[in-house]
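Chains as they are written, first to last, in my numbering: chain A, 2 to 380; chain B, 2 to 380.
Cβ atoms here follow ideal geometry from the backbone N, Cα and C, with glycine treated the same way.
Worksheet: one structure, shown below.
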């Protein structure tokens with residue numbers, strides 16, 4: 002990869018893909034297979050930037066296995082011809098390992114990636130979109146927004162949220178000063194934090210309005226993953242994790258001796274250390290939010306081609322894609338929409354799209370969204 | 002499930018599926034979806050019999066994840082509408098847990114399973130096949146052989162193989178008397194044995210003619226799984242596992258003080274305890290071997306419909322299915338052939354097979370074997 006301070010991207014390109022994570026690299030690969038010229042991936046940091054910043058003990062939740070040859074593409078692969086399970090020899094890569102795979106993929110797919118270029122805003126002109134960056138302007142006929150949410154931590158609207166420490170800001174649980182922590186939120190991040198703290202010999206109390214650790218939902222986007230269930234089962238007997246359900250936290254306050262975490266029913270928890278906020282993430286679309294409409298859940302409204310309903314030519318790929326209430330928030334889900342976006346762009350450019358049949362045959366082209374409605378777990 | 006000593010299966014049935022493991026239950030489910038009448042699964046022990054006998058620390062090698070709804074069916078599921086990852090909340094179930102899932106599946110699919118009925122041999126009559134069992138005879142128009150290989154341990158033709166102890170005969174590594182073990186064979190079973198012994202605080206020396214632990218083959222049927230790589234990496238720093246490549250073992254001898262393990266180049270290893278044989282498994286087809294032809298690798302020769310080349314009406318499902326050198330030895334592979342066998346039988350009975358499109362759409366119907374020829378791991 003090039004050094005961040007050297008700009009190679011031309012002034013006017015066909016497609017600007019913003020973000021060199023799994024979504025951006027994955028969709029750029031499809032565009033390359035379609036022989037779309039002048040496609041550039043613009044990345045504020047390095048390839049896989051957010052993954053490089055994950056807490057050291059955090060792992061991908063979906064297990065990698067190189068089942069590609071029999072149509073069971075590695076769940077963490079961004080293409081049907083690559084497998085982090087095979088190249089990294091790990092089922093659950095950590096963030097930096099996964100960034101390595103993304104780097105290998107960018108090379109293997111021969112993608113144009115411009116690192117160190119941060120897109121700050123988007124303006125429309127008559128015939129193109131104008132991206133303002135930290136290294137001048139880029140004109141693009143199409144823009145595919147592919148920024149993840151890790152860089153947009155949210156405190157979930159808590160009163161006094163500024164007293165908390167967001168999950169995404171922690172690099173190593175063992176380095177946190179203090180022995181006793183409250184964690185607000187009991188989904189994947191909250192349980193990961195609890196396990197990380199427990200493994201470091203610290204005590205963790207997880208507070209959640211519901212009981213995600215008991216949720217039997219069949220959609221992995223709504224319930225804990227088997228990996229997390231398994232890790233939690235292994236950690237619980239140690240006795241330093243407490244799971245508190247029915248704790249709908251609304252506020253954090255601070256006094257001379259520590260922090261007070263308040264639930265809506267009046268109960269409260271004292272903790273000497275800043276509460277960990279496992280309260281989720283905002284949208285990765287913030288720099289271009291004026292060009293998207295958002296639904297009640299804060300998700301960008303999209304056409305059936307994953308194009309902004311507000312600005313033709315601006316597409317979205319990645320974990321914020323949703324349709325009919327179905328979240329595409331895992332790699333194995335959102336990668337199935339890369340080909341949909343690529344076909345839309347290729348169609349407008351008059352390019353041949355026959356190669357996309359290969360994507361369909363490899364379970365990498367999901368355009369019939371009714372499939373998601375079946376109950377697929379009898380047992 | 003019924004008790005083993007009570008026979009419910011009628012004298013004459015349409016399809017006898019022999020073996021209530023993942024292969025037998027999986028193919029029986031497809032036949033039920035096709036509304037084929039009088040299908041019975043005949044099982045010598047209980048549902049999932051072999052899995053119940055696995056060493057206690059052994060886990061399924063392929064990771065379970067309930068990705069079914071997005072077309073990424075749990076790798077260990079026997080149908081596209083079930084997921085052991087979801088029902089067991091484990092990525093790598095142990096044998097008894099997986100047997101639980103199989104039991105749930107047999108119930109959920111409302112299959113006819115006759116436990117405690119062991120098929121000992123097969124004879125042909127003019128219009129049907131006659132199965133001799135421990136509870137009388139069963140006449141069947143079609144027979145689907147679905148016995149796994151775990152019950153057929155092989156010493157790989159070692160001289161003095163009777164001095165060894167086969168991997169499949171061990172229930173708990175920590176219960177083995179002795180502190181120091183030679184393991185003959187370094188593929189999945191051998192490495193699993195080494196890790197099991199190491200975890201129990203014992204020393205293990207793995208002897209293999211090649212170097213499977215370094216093999217970078219892209220086919221998981223030929224190289225160690227990511228799960229095993231990961232477990233081995235975690236165990237090696239403990240220092241009690243030795244991996245010896247280029248050790249082509251040909252003989253075991255025994256004297257008053259222990260055992261001698263001899264390689265073809267004249268080197269030998271002394272060990273006080275019976276060497277562990279991780280030398281693989283024979284064929285699960287032994288009781289009907291006269292009705293199959295076998296290739297040089299000892300695999301049954303099959304038609305493109307997975308029918309015996311020697312006896313029309315006798316089909317094979319499970320890990321011994323192979324075509325063009327491709328092994329279907331994982332659940333996620335061999336399950337893709339259930340529908341092929343079911344279609345062949347349904348076709349001869351004149352049954353409607355349109356429901357099988359659902360199987361094709363769910364990556365559970367692999368009839369184009371050329372798919373396996375692609376290189377699907379660029380990185």
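- At 9 angstroms on the CB atoms, spell out the chain A contacts of residue 366(B), in chain order. Position 365 of the second chain holds residue 366(B). Within chain A, no residue comes near residue 366(B); the closest Cβ sits about 10 angstroms away, beyond 9 angstroms.
- Would you kindly check if the distance between the Cβ of residue 151(B) and the Cβ of residue 277(B) is under 8 angstroms? Position 276 of the second chain, counted from the start, is the residue given in the question as residue 277(B). Position 150 of the second chain, counted from the start, is the residue given in the question as residue 151(B). Contact: no.
- Within this structure, are the beta carbons of residue 227(A) and residue 86(B) separated by less than 8 angstroms? By one-based count along the first chain, residue 227(A) stands at place 226. By one-based count along the second chain, residue 86(B) stands at place 85. Contact flag set, yes.
- Could you work out which residues of chain B lie near residue 63(A), taking near to mean beta carbons separated by less than 8 angstroms? Position 62 of the first chain holds residue 63(A). Per Cβ cutoff of 8 angstroms: 66, 68.
- On the premise that residue 61(B) lies in contact with residue 23(B), defined as a C-beta separation below 8 angstroms, what is that separation, rounded to the nearest angstrom? The residue labelled residue 23(B) in the question sits at position 22 within the second chain. The residue labelled residue 61(B) in the question sits at position 60 within the second chain. Between residue 61(B) and residue 23(B) the Cβ distance is about 10 angstroms, and since that is not below 8 angstroms, they are no contact.
- Message: Please tell me whether residue 227(B) has its Cβ less than 8 angstroms away from any Cβ of chain A.
- Response: Here residue 227(B) refers to the residue found at position 226 of the second chain. Residue 227(B) counts as touching chain A.
- Message: Can you give me the C-alpha to C-alpha distance between residue 273(A) and residue 258(A), rounded to a whole angstrom?
- Response: Within the first chain, numbered from 1, the residue matching residue 273(A) stands at position 272. Within the first chain, numbered from 1, the residue matching residue 258(A) stands at position 257. When rounded, the distance between both Cα atoms is 7 angstroms.
- Please report the Cβ distance between residue 159(A) and residue 144(A), rounded to the nearest whole angstrom; I am assuming they are in contact, meaning their Cβ atoms lie under 8 angstroms. Looking up residue 159(A) in the first chain gives position 158. Looking up residue 144(A) in the first chain gives position 143. Actually they do not touch by this definition, with Cβ atoms about 33 angstroms apart.
- Going by beta carbon distance, what residues of the same chain come within less than 8 angstroms of residue 162(A), once the five residues before and after it are set aside? Here residue 162(A) refers to the residue found at position 161 of the first chain. Counting only Cβ-Cβ distances below 8 angstroms, and skipping sequence neighbours, we find 156, 253, 278, 280.
- Task: Taking only the alpha-carbon atoms, compute the straight-line gap between residue 82(A) and residue 70(A) and give it to the nearest angstrom.
- Result: Here residue 82(A) refers to the residue found at position 81 when the first chain is read from its first residue. Here residue 70(A) refers to the residue found at position 69 when the first chain is read from its first residue. Straight-line Cα distance between these residues: approximately 9 angstroms.
- Would you check if there are 3 or more beta carbon pairs closer than 8 angstroms linking the stretch 228-246 of chain A to the stretch 201-217 of chain A? yes
- Please name the residue in 90(B), 249(B), 41(B), 200(B) whose C-alpha comes closest to that of residue 238(B). Your numbering for residue 238(B) matches position 237 in the second chain. For residue 238(B), the nearest C-alpha among the options comes from 200(B).
- Message: Let me see if you follow: with CB-CB separation under 8 angstroms, is residue 86(A) close to chain B or not?
- Response: The residue labelled residue 86(A) in the question sits at position 85 within the first chain. So yes, residue 86(A) belongs to the interface.
- Tell me the DSSP bridge mates of residue 183(B)? Position 182 of the second chain, counted from the start, is the residue given in the question as residue 183(B). Beta-bridge pairing links residue 183(B) to 206(B).
- Item | Option in 25(A), 7(A), 16(A) with minimal Cα separation from residue 321(A) | Indexing the first chain from 1 puts residue 321(A) at position 320. The option with the nearest alpha carbon to residue 321(A) is 25(A).
- Query: From residue 29(B) to residue 147(B), what does the alpha carbon distance come to, in whole angstroms?
  - Reply: Locating residue 29(B) in the second chain gives position 28, counting from the first residue. Locating residue 147(B) in the second chain gives position 146, counting from the first residue. Between residue 29(B) and residue 147(B), the C-alpha separation is close to 10 angstroms.
- Query: Beta-carbon of residue 169(B) versus every beta-carbon of chain A: anything under 8 angstroms?
  - Reply: In the second chain, counting from the first residue as 1, residue 169(B) sits at position 168. Cβ-Cβ to chain A under 8 angstroms: no for residue 169(B).
- Just to confirm, are residue 142(A) and residue 314(A) a CB contact at a threshold of 8 angstroms? For the purposes of this step, residue 142(A) is taken as the residue at position 141 of the first chain. For the purposes of this step, residue 314(A) is taken as the residue at position 313 of the first chain. Against a cut-off of 8 angstroms, the Cβ pair of residue 314(A) and residue 142(A) comes out as a contact.
- Task: In angstroms with no decimal places, state the Cα-to-Cα distance between residue 35(A) and residue 10(B).
- Result: Here the question's residue 35(A) lines up with position 34 in the first chain. Here the question's residue 10(B) lines up with position 9 in the second chain. For residue 35(A) and residue 10(B), the distance between alpha carbons rounds to 57 angstroms.
- Query: Which residues in the same chain have their Cβ closer than 7 angstroms to the Cβ of residue 288(B), if we skip the five residues on either side of it in sequence?
  - Reply: As a first step, residue 288(B) is located in the second chain; it is residue number 287 there, counting from the start. Excluding sequence neighbours, residue 288(B) sits near 120, 121, 122.
- Which two residues bound the contiguous alpha helix (DSSP H) that contains residue 105(A)? On the first chain, residue 105(A) is found 104 positions in, with the first residue counted as 1. From DSSP, the alpha helix (DSSP H) with residue 105(A) extends over 96-109.
- Euclidean distance between Cα positions of residue 32(A) and residue 361(A): Counting from one through the first chain, the residue named residue 32(A) turns up at place 31. Counting from one through the first chain, the residue named residue 361(A) turns up at place 360. Cα to Cα, residue 32(A) sits roughly 15 angstroms from residue 361(A).
- Quick one: Cα of residue 366(B) to Cα of residue 341(B), how far? Numbered from 1 along the second chain, position 365 holds the residue referred to as residue 366(B). Numbered from 1 along the second chain, position 340 holds the residue referred to as residue 341(B). Spanning the two alpha carbons is a distance of roughly 7 angstroms.
- Query: Do the CB positions of residue 73(B) and residue 364(A) come within less than 8 angstroms of each other?
  - Reply: Translated into positions along the second chain, residue 73(B) becomes position 72. Translated into positions along the first chain, residue 364(A) becomes position 363. Contact flag set, yes.
- Task: With DSSP as the reference, label residue 10(A) as helix, strand or coil.
- Result: For the purposes of this step, residue 10(A) is taken as residue 9 along the first chain, with counting starting at 1. Coil.
- Task: Starting from residue 221(B), find everything on chain A with Cβ-Cβ shorter than 8 angstroms and list it in chain order.
- Result: Along the second chain, read from residue 1 onward, the residue named residue 221(B) stands at position 220. Going along chain A in sequence order, the residues near residue 221(B) (Cβ under 8 angstroms) are 66, 67, 68.
- Mind checking if residue 337(B) is an interface residue toward chain A, Cβ cutoff 8 angstroms exclusive? What you label residue 337(B) is simply residue 336 of the second chain in a count that begins at 1. Yes, contact with chain A.
- Length-filtered (3 minimum) beta strand (DSSP E) runs lying within the stretch 224-281 of chain B: 242-245, 250-256, 259-264, 269-272
- Message: I need the boundaries of the beta strand (DSSP E) containing residue 316(A), first residue and last residue.
- Response: The sequence position of residue 316(A) within the first chain is 315, counting from 1. Segment 315-317, the beta strand (DSSP E) holding residue 316(A).
- Task: Between the Cα of residue 193(A) and those of 174(A), 140(A), 114(A), spot the shortest distance and give me the residue it belongs to.
- Result: For this step, residue 193(A) is matched to residue 192 along the first chain. Considering only alpha carbons, the answer is 174(A).
- Counted within 10 angstroms of its Cβ, other Cβ atoms place residue 7(A) as buried (16 or more) or exposed: Translated into positions along the first chain, residue 7(A) becomes position 6. Classification for residue 7(A): exposed.
- Query: Run through DSSP, which three-state label would residue 123(B) get?
  - Reply: In the second chain, the residue the question calls residue 123(B) occupies position 122. In the structure shown, residue 123(B) sits in a strand (DSSP, three-state: E or B).
- Query: What is the DSSP secondary structure of residue 155(A), reduced to helix, strand or coil?
  - Reply: Start at 1 with the first residue of the first chain, and residue 155(A) comes out as number 154. In this structure, residue 155(A) counts as coil in the three-state DSSP scheme.
- Are there 16 or more other CB atoms within 10 angstroms of the CB of residue 285(A), so buried, or fewer, so exposed? As a first step, residue 285(A) is located in the first chain; it is residue number 284 there, counting from the start. Buried is the call here.
- Would residue 176(A) count as contacting chain B if we go by Cβ distances under 8 angstroms? As a working mapping, residue 176(A) is identified with position 175 in the first chain. So, not an interface residue.
- Query: Going by C-alpha distance, which of 68(A), 63(A), 17(A) is nearest residue 330(B)?
  - Reply: Taking the second chain and counting its residues from 1, one reaches residue 330(B) at position 329. The shortest C-alpha separation from residue 330(B) is found at 68(A).
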